[in-house]
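A.B. asks: Line by line, the protein sequences give chains W and Y.
One rule links them: number in our numbering = place in the first sequence (from 1) + 2.
One rule links them: number in our numbering = place in the second sequence (from 1) + 581.
Ideal Cβ placement from N, Cα and C applies to all residues, glycine included.
Because the structure is a prediction, the values reported are computed rather than measured.
Could you have a look at this structure, given as C-alpha cells, before my questions?
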Amino acid sequence: MTNTRPTTHPHPHPHPHPDTDGLDARLVIDRTTFRLDMTLTAAPGDVLALLGPNGAGKTTALRALAGLTPLTDGHLRLDGASLEHTPPESRPVGVVFQDYLLFPHLSALDNVAFGPRCQGASKAEARAQAAAWLDRMGLAAHAGAKPRRLSGGQAQRVALARALATRPRLLLLDEPLAALDARTRLEVRAQLRRHLAEFEAVAVLVTHDPLDAMVLADRLVVIEHGRIVQEGGPADIARHPRTDYIAQLVGLNLYRGQADGHTVRLGTGPAITTTEVLHGPAFVAFPPSAVTLFRDRPTGASARNLWRCKVAGLETHGDQIRADLTGGLPLAADLTTVAAAELDLHPGAAVWATVKATQTHAYPA
Amino acid sequence: MTSLDKPGAAAGPRTGRPLRRRVGTGGRRGVPLPLLLPGLLALAFLLLPLVALIIRAPWRSLPEQLSSTEVWQALQLSLVSATAATAVSLVLGVPLAWLLARTEFPGRGLVRALVTLPLVLPPVVGGVALLLALGRNGVIGKGLDAWFGITLPFTTAGVVIAEAFVAMPFLVISVEGTLRAADPRFEEAAATLGASRFTAFRRVTLPLIAPGIAAGAVLAWARALGEFGATITFAGNFPGRTQTMPLAVYLALQNDPDAAICLSLVLLAVSIAVLAGLRDRWMTTS
C-alpha cells in the first residue's frame with residue numbers, strides 16, 4: 003500500500019501543521035477511584051506499546067484515544083488536528099479490539115468493507131478494497147466466511163484488515179494476541195510485527211505481555227496506577243528497569259539505593275558492590291542466574307555481595323528451579339535441579355547467596 | 582457434557598442414548614405430591630376447555646359454517662388489522678425500545694413504567710382512553726376531524742389503533758430486553774469504523790437483535806389478533822369494517838352457538854400455526 007496522506011483522505015485536517023505529524027496527546031481521565039494522567043507522543047511509523055499490570059489504565063487510555071471514553075482534561079492532536087471533541091466515528095483512528103468484535107452477521111469481506119462503506123465508498127468499491135486487504139492478510143480464501151467459522155488467528159487478521167481498511171492515522175490494538183493460544187500466538191505475533199512495520203502512521207498497542215511489547219513495538223510505555231513509570235526502547239527497559247513490576251516482567255532482581263563509588267547501599271541495610279562507579283540515587287539489577295547459593299559460608303570468598311538468606315519458596319521455572327530468598331537481601335535465584343538437590347533446598351532452609359560484581363548492573367535512579 | 586468426556590466419571594454401562602435421559606429414568610426420585618397434584622390440575626385446567634371445544638365442534642356443519650362470507654370477512658379483517666397493528670408497533674416500538682435501552686434521559690424509569698402500563702390496563706379502559714384522545718370530540722380527534730376530516734373511531738383504522746395500543750408494549754418490552762442483552766461494544770466497534778449511531782443501529786444492532794424483534798412481533802401480533810375490549814370500545818362492532826374474529830365469536834355465541842364454536846376453532850388453528858412457526862424458528866435454540 004502506498005502512503006495515503008494526499009488530498010483524498012476522508013478526514014481532512016482543519017489546521018494542518020506539517021511539523022506536527024503524528025500523535026501528541028495528554029490524556030486525563032478522572033474517576034472516583036482512579037485517575038489516568040499520561041502524555042503520549044509518537045511520530046508516523048512509530049509503534050508504541052502501553053505495558054502495565056491489569057487495572058493500570060491501559061485500556062482506558064486506548065478508549066480515550068479512540069473517543070469511546072471522554073477526556074476529563076488534556077488534549078489529543080493527530081497530525082496537527084485537535085480531536086478531543088471529535089466523536090469516534092469522525093476520528094481517523096482504527097481499533098483492533100481484544101476479542102475483535104467482528105460483526106457476527108457479516109462475512110469477513112463485509113466486515114472489512116464496513117469501514118470504507120461508512121466513509122462513502124460504493125458497495126462494489128468497498129468490497130474491492132476489502133478483498134484487497136484480505137488478500138494482503140492471506141485470507142482471500144476466507145472472504146465469504148462468517149466470523150464464527152474463522153480460527154482465532156484468522157479472526158485477528160480480519161479485525162486488523164477491518165481497522166486498516168479505514169486508512170487510519172492512528173491504529174489502536176487492545177491486547178492483540180491475548181485471545182490466542184500459545185502456538186497461534188507465535189505465528190500471529192510474527193505476522194502482526196510485519197504488518198505494523200509496514201504501517202505508515204502511528205500504532206499504539208496495549209499489552210500486559212512483555213514479550214509481545216518487545217517484539218512488536220519500537221517504544222515501550224510502562225503504566226502503573228494510571229501514570230507512566232518508565233518509557234523507552236525495549237532493550238533499554240529490559241536492561242534498566244525502574245520499578246519492581248518491570249523488573250519482574252523482564253526477570254531481574256532490582257534494588258534502589260544510594261551509590262557511593264562501587265557500592266550501592268540499600269537504605270540502612272545491605273550494600274551491593276558493582277563495577278560501575280556512581281554517586282547518588284541508583285538502581286542495581288542482576289538476573290537470578292547470577293546468584294550462587296551455598297549451604298555453608300563459602301571460605302576464601304570475599305565478604306562482598308555475600309548474604310545470609312532463608313528460602314521462602316521454590317518453584318520450577320523452565321528447566322531450572324527458582325528460589326525466593328528472604329533475609330540479608332530479598333532476591334530470586336535460579337539454579338539447576340541437581341544443584342537444588344545437592345543443597346537440600348526446602349522452604350525455611352538457610353543458605354548463603356553471592357553475586358559477582360561483574361554480573362550486577364548499576365544505573366542512576 | 583462433563584462426565585462423558587472424563588473416563589471413569591460416568592458410572593454404569595454406556596448406552597447410545599444421551600446421558601440426561603438415562604439419569605431421568607434410572608435415578609428416579611420421588612416427585613413430591615404437593616407439586617405433582619397442582620401441576621397436573623393446572624395442565625388439565627389449561628387443556629380441558631380446548632378439548633371441549635374440539636369435542637363439541639359441529640364437524641358436519643363445519644364446511645357450511647366456514648363458507649359464510651361473514652366468517653371470511655371477519656377472519657380477513659382480523660389478519661389484516663393484526664398485521665397492520667404489528668407493523669405500526671414495529672415502526673414506532675423498535676425506536677422506542679432503543680431509546681429506553683441505549684440513551685440516558687431524566688425520567689427514563691418513569692417512561693418505561695408508562696410504556697408497560699397498557700400491559701396491565703384492562704383493554705376496555707384503553708378503549709375508553711383512546712376514545713377520549715382520538716374520538717370525534719377527543720383531545721386530538723377534535724383537531725383531526727376539524728382540520729383534516731379524519732375520524733378514527735368506528736373505522737378499520739380505529740381497529741388497528743386499538744390493537745396497536747394494546748400490542749405495542751409487548752414488542753417494546755421484548756425488544757428492549759434483547760437490546761440490553763446485546764453487547765453494546767459492537768456499536769462502539771462500528772463507531773470506530775466511521776459509522777454514525779444511526780448507521781451502527783441499522784447495519785449492526787438491528788441484524789443482531791433480529792431474532793428478538795421477530796419474537797416480539799409474533800407476541801404483539803398474537804395479542805392484536807385476540808384483542809377484544811379496546812377494539813369493541815373504540816372501533817365498535819360493524820361487520821366487514823370493524824368486526825374482528827373475537828368480536829364475531831362473542832356476537833355469534835348469543836344467537837348461533839355452533840357458529841361461535843366454528844369461529845373459535847379457526848382462531849385456535851391460527852394460534853397453533855403461529856406457535857408451531859415460533860417453535861421452529863426461535864424456541865428450539867434453548
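What does DSSP give as the partner residue(s) for residue 25/W in the beta ladder?
C.D. replies: Looking at the DSSP assignment, residue 25/W forms a beta bridge with 44/W, 80/W.
A.B. asks: Assuming residue 41/W contacts residue 69/W (C-beta within less than 8 Å), just tell me the rounded distance between them.
C.D. replies: Not really, about 18 Å apart at Cβ, beyond 8 Å.
A.B. asks: Can you pull the chain W residues whose beta carbon is under 7 Å from the beta carbon of residue 788/Y, in chain order?
C.D. replies: Neighbours of residue 788/Y on chain W, chain order: 107.
A.B. asks: Looking at the C-beta of residue 844/Y, does it have a partner C-beta in chain W at a distance below 8 Å?
C.D. replies: No, because no Cβ of chain W sits closer than 8 Å to the Cβ of residue 844/Y.
A.B. asks: Of all the CB atoms in chain Y, is at least one closer than 8 Å to the CB of residue 91/W?
C.D. replies: So yes, residue 91/W belongs to the interface.
A.B. asks: Given that a residue counts as buried once 16 or more other Cβ atoms are within 10 Å of its Cβ, and exposed if not, what is residue 93/W?
C.D. replies: Residue 93/W comes out buried.
A.B. asks: How would you call residue 297/W, buried or exposed, if buried means at least 16 neighbouring beta carbons within 10 angstroms?
C.D. replies: By the 10 Å Cβ count, residue 297/W comes out exposed.
A.B. asks: Let me know if residue 281/W comes out buried or exposed under the rule of 16 or more other beta-carbons within 10 Å of its beta-carbon.
C.D. replies: Exposed, because fewer than 16 other Cβ atoms sit within 10 Å of the Cβ of residue 281/W.
A.B. asks: Out of 729/Y, 664/Y, 633/Y, 655/Y, which one is the CA nearest neighbour of residue 801/Y?
C.D. replies: Residue 801/Y has its Cα closest to that of 664/Y, out of 729/Y, 664/Y, 633/Y, 655/Y.
A.B. asks: Taking residue 769/Y as the query, report the chain A residues whose CB atoms sit under 9 Å from its CB, ordered along the chain.
C.D. replies: This model lacks chain A altogether, as its protein chains are W and Y.
A.B. asks: Spatial neighbours of residue 360/W within its chain, please: CB distance less than 8 Å, with the 5 preceding and 5 following residues excluded, ordered by chain position.
C.D. replies: These residues qualify, in order along the chain: 277.
A.B. asks: Mind reading off the beta-carbon distance from residue 655/Y to residue 824/Y? Whole number of angstroms is fine, and I expect it under 8 Å.
C.D. replies: 6 Å between Cβ atoms; contact.
A.B. asks: Less than 8 Å separating the beta-carbons of residue 345/W and residue 316/W?
C.D. replies: Contact flag unset, no.
A.B. asks: Rounded to the nearest angstrom, how far is the Cβ of residue 46/W from that of residue 204/W, given a contact under 8 Å?
C.D. replies: Confirmed, Cβ separation roughly 6 Å.
A.B. asks: Counting only beta-carbon separations shorter than 8 Å, does residue 164/W have a partner in chain Y?
C.D. replies: At least one chain Y Cβ lies under 8 Å of residue 164/W.
A.B. asks: Which bits of chain Y does residue 168/W rub up against, with CB to CB less than 7 Å?
C.D. replies: Those are 774, 775, listed as they occur along chain Y.
A.B. asks: Roughly how far, in whole angstroms, is the beta-carbon of residue 252/W from the beta-carbon of residue 52/W, given that I think they are within contact range, below 8 Å?
C.D. replies: Contact doesn't hold; Cβ gap of about 16 Å is too wide.
A.B. asks: Going residue by residue through the stretch 44–124 of chain W, where are the continuous beta strand (DSSP E) segments of at least 3 residues, counting only ones entirely within it?
C.D. replies: The stretch 44–124 of chain W contains these whole beta strand (DSSP E) runs: 49–53, 75–80, 95–98.
A.B. asks: With H, G and I counted as helix, E and B as strand and the rest as coil, what does DSSP make of residue 358/W?
C.D. replies: DSSP places residue 358/W in coil when its eight states are reduced to three.
A.B. asks: In whole angstroms, what separates the C-alpha of residue 716/Y from that of residue 799/Y?
C.D. replies: One C-alpha to the other measures close to 29 Å.
A.B. asks: Exposed or buried, what is residue 292/W when buried is set at 16 or more other beta-carbons lying within 10 Å of its beta-carbon?
C.D. replies: With 16 or more other Cβ atoms within 10 Å, it is buried.
A.B. asks: Got a sec: which bits of the stretch 110–143 of chain W sit with their beta carbon under 7 Å from any beta carbon on chain Y, in order along the chain?
C.D. replies: If the cut-off is 7 Å between Cβ atoms, the stretch 110–143 of chain W has 116, 117, 120, 121 near chain Y.
A.B. asks: Just to confirm the assignment, what range does the beta strand (DSSP E) spanning residue 329/W have?
C.D. replies: Segment 322–329, the beta strand (DSSP E) holding residue 329/W.
A.B. asks: Give me the chain W residues within the contact set of residue 766/Y, using Cβ-Cβ distance strictly less than 8 Å, ordered along the chain.
C.D. replies: The contacting residues are 99, 103.
A.B. asks: With a CB to CB cut of under 6 Å and the five nearest residues on each side skipped, what residues in its chain are close to residue 739/Y?
C.D. replies: Closer than 6 Å at the Cβ level, and outside the excluded window around residue 739/Y, lie 733, 815, 816.
A.B. asks: Run through the stretch 258–316 of chain W for me and flag every whole beta strand (DSSP E) of 3 or more residues, listed as ranges in chain order.
C.D. replies: Here the runs fully enclosed are 273–288, 293–296.
A.B. asks: With 16 other CB atoms within 10 Å as the buried threshold, where does residue 81/W fall?
C.D. replies: Classification of residue 81/W: buried, given that the 10 Å Cβ count is 16 or more.
A.B. asks: Any beta carbon of chain W sitting closer than 8 Å to that of residue 684/Y?
C.D. replies: No, because no Cβ of chain W sits closer than 8 Å to the Cβ of residue 684/Y.
A.B. asks: Which chain W residues sit within Cβ distance under 7 Å of residue 780/Y?
C.D. replies: Those are 120, listed as they occur along chain W.
A.B. asks: Quick check on DSSP: helix, strand or coil for residue 187/W?
C.D. replies: In the structure shown, residue 187/W sits in a helix (DSSP, three-state: H, G or I).
A.B. asks: Is residue 675/Y close to chain W? Criterion is C-beta to C-beta, closer than 8 Å.
C.D. replies: Not an interface residue.
A.B. asks: With residue 188/W and residue 49/W assumed to form a contact (beta carbons below 8 Å), what rounded beta-carbon distance in angstroms separates them?
C.D. replies: At roughly 19 Å, the Cβ-Cβ gap does not stay under 8 Å, so residue 188/W and residue 49/W are not in contact.
A.B. asks: Sorted by chain position, which residues of the same chain lie with C-beta nearer than 8 Å to residue 37/W's C-beta, five sequence neighbours on each side aside?
C.D. replies: Same-chain partners within the cutoff: 30, 31, 228.
A.B. asks: Which residues does DSSP pair with residue 238/W in a beta bridge?
C.D. replies: Answer is none; residue 238/W lacks a bridge partner.
A.B. asks: Mark residue 630/Y as exposed unless 16 or more other C-beta atoms lie within 10 angstroms of its C-beta, in which case mark it buried.
C.D. replies: Exposed: under 16 other Cβ atoms inside 10 Å.
A.B. asks: Once DSSP output is grouped into helix, strand and coil, what is the label at residue 757/Y?
C.D. replies: If DSSP states are grouped into helix, strand and coil, residue 757/Y belongs with the helices.
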